[in-house]
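Below is one structure; the comments refer to it alone.
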Amino acid sequence: MLKVIKSGKRISKFKTEFSAIRHGNYFEFINLVKGPLPFMVTYRNGAVYVDDKNNQDDFDFAGLFKAGASLKIFYDNCIDFYGEIIDSDISDLTYCKLAYFEISLRMHSNNKNLVAKEATLEKVIDAIVLQYSLSMNESQTLHSGRKFLNMVKHYKSQFKTWADGTEALKNALYLIVKKNLTIK
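Under the numbering used here, think of the first position of the sequence shown as 6, with each following residue one higher.
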């Protein structure tokens with residue numbers, strides 16, 4: 006999705022799916038793409054059961070796990086429609102790290118009910134900084150990672166070069182690993 010956006014290609018055909026992914030709305034995304042749900046055993050309210058339904062109140066990790074097949078189908082649909090997109094500025098690995106960065110922070114925020122699910126990543130980071138008593142420098146590091154993500158989404162020269170932005174992301178990812186803010 007980020008590659009399509011950065012390439013400047015029109016997203017109108019998949020606008021609803023892109024919006025659901027961008028906002029971490031796995032329930033809506035699964036309902037749109039209709040991929041098969043994986044076998045999953047869930048513990049909720051003192052009971053263990055086989056969870057074979059797409060539930061709106063699933064925790065982010067469960068939603069992301071359940072969305073796996075739909076994500077694969079959607080990826081194939083995007084490749085069929087857009088073709089293979091080559092980006093000479095950013096590696097595919099960096100795109101994966103950008104997605105991991107945002108998903109990790111949003112999951113921690115959502116699991117602690119720090120902000121509304123639709124909140125901007127800026128508000129998510131601010132809430133995490135407060136919740137985990139991060140320093141001003143650590144806050145700036147996370148926001149620099151966010152600014153690079155925004156540079157990919159809406160190029161506005163947030164960094165002088167793509168390499169500078171990639172370095173900012175690397176530092177932000179190092180911090181979320183150090184502070185245990187990763188997907189577990």
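Ideal placement from N, C-alpha and C gives every residue a C-beta, glycine not left out. Please read these numbers as outputs of a predicted model, since none were measured by experiment.
Contact between LEU7 and TYR105 does not hold, since the beta-carbon distance rounds to 12 Å and is not under 8 Å. For ILE130 against VAL9, the beta-carbon gap comes to about 24 Å, at or over 8 Å, which does not count as contact. Residues of the same chain with a CB within less than 6 Å of the CB of VAL134, apart from the 5 flanking positions on each side, are SER144 in chain order.
Residue range 97-116 is occupied by the alpha helix (DSSP H) that includes THR99.
Beta-bridge annotation (DSSP): TYR48 is paired with VAL53.
Check the Cα spacing between ARG151 and each of PHE86, SER138, THR171: the tightest is with THR171. By the 16-neighbour rule on beta-carbons within 10 angstroms, SER109 is buried. The alpha carbon of ARG111 has as its nearest neighbour, out of ILE26, LYS14, ASP169, MET141, the alpha carbon of ILE26. Counted as a single uninterrupted DSSP element, the alpha helix (DSSP H) harbouring ALA25 occupies residues 20-27.
Under the three-pair Cβ rule at 8 Å, the region 28-44 counts as touching the region 68-75. The criterion of a C-beta distance shorter than 8 Å is satisfied by SER149 and ASN176.
Nearest to ASP85 by C-alpha distance, out of LYS18, SER140, ASP169, is LYS18.
Rounded to whole angstroms, VAL53 and ASP63 show a C-alpha spacing of 14 Å. Per DSSP, reduced to three states, the secondary structure at LYS161 is coil, with no helix or strand assignment. In the structure shown, the three-state DSSP call for LEU139 is coil.
Here VAL157 is buried: its Cβ has 16 or more other Cβ atoms, across all protein chains shown, within 10 Å. Assignment of VAL120 by DSSP, reduced to helix, strand and coil, places it in the coil class.
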